[in-house]
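The sequence shown begins at 1 in full-length UniProt numbering and counts up by one. Worksheet for the structure shown next.
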Amino acid sequence: MKEILGKHRQDFDEIRRLCLICHGLDLSTSSFSFGLSEWTISESTSLVLQNVVSSHVLQLAIALRTNLYQKRIPYSDEPLAQSSWLYYDEELRERPATLKQVCDKIIHADSVSKNVYPKVLTEHTDKICTQFKGKEFSKGSWTMNVAIDVFAEEVLHILDEIEQNDSVL
């Protein structure tokens with residue numbers, strides 16, 4: 001009998017596809033948050049949007065986590081200071097999250113939120129992040145803020161760097 005599968009496989013092109021989808025979804029949800037859209041999102045559409053964002057962000061996290069576990073992506077402990085920040089509620093000290101932490105926290109989050117802010121609060125240049133919250137057995141409750149579009153760009157850069165280094169060898 002011939003083995004067809006063998007192990008989970010998520011190639012870099014699949015990760016790139018998910019990055020591009022998540023990048024676009026984050027920019028779309030930010031346009032609603034910043035009031036850039038003339039259209040007011042309905043409850044039904046909001047639920048569909050929540051499902052679409054959740055499923056693609058989870059798919060991206062799982063694809064990345066699979067590649068980290070299989071050591072195809074060697075950057076698991078590098079901080080993603082441009083996109084992702086994590087703090088444990090008992091410490092109240094925010095720090096950049098690593099690629100592995102971002103994937104694990106997305107997968108294990110108890111709640112995910114990205115708020116629509118009143119127009120008066122959006123007259124600034126800060127990014128509106130997606131917030132993930134959960135509990136870790138040894139460290140207690142945590143909160144992670146991720147600018148998904150910037151995270152996707154960081155991941156795309158990492159993949160390009162890996163492939164460039166592989167072509168040099």
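Just so you know, even glycine gets a beta-carbon here, dropped at the ideal spot from N, CA and C. Treat the numbers as computed from the prediction; the structure is a model and nothing was measured.
Bounding residues of the beta strand (DSSP E) (the contiguous stretch that carries residue i)
i, result
"Gln70", "Per DSSP, Gln70 belongs to no beta strand (DSSP E) and is neither H nor E."
"Leu86", "Ser84 to Tyr88"
"Glu136", "Thr130 to Glu136"
"Ser141", "Gly140 to Val146"
Span of the alpha helix (DSSP H) around residue i
i, result
"Leu99", "Leu99 to His108"
C-beta contact flag for residue i and residue j at 7 Å
i, j, result
"Ile128", "Ser30", "yes"
"Leu18", "Asp149", "no"
"Ala109", "Gly140", "no"
"Ser55", "Val146", "no"
"Ala152", "Cys103", "no"
"Phe154", "Leu68", "Reading off the sequence, residue 154 comes out as Glu, not Phe. No, the Cβ-Cβ distance between Glu154 and Leu68 is not below 7 Å."
Top-ranked residue by Cα proximity to residue i, from the options
i, options, result
"Pro74", "Ser83, Gln82, Gln59 and Leu64", "Leu64"
Beta-bridge partners of residue i, as assigned by DSSP
i, result
"Arg95", "Leu86"
"Val112", "Phe132"
Proximity test, Cβ basis, 7 Å: residue i and chain D
i, result
"Cys129", "In the structure shown, chain D does not exist; there is a single protein chain."
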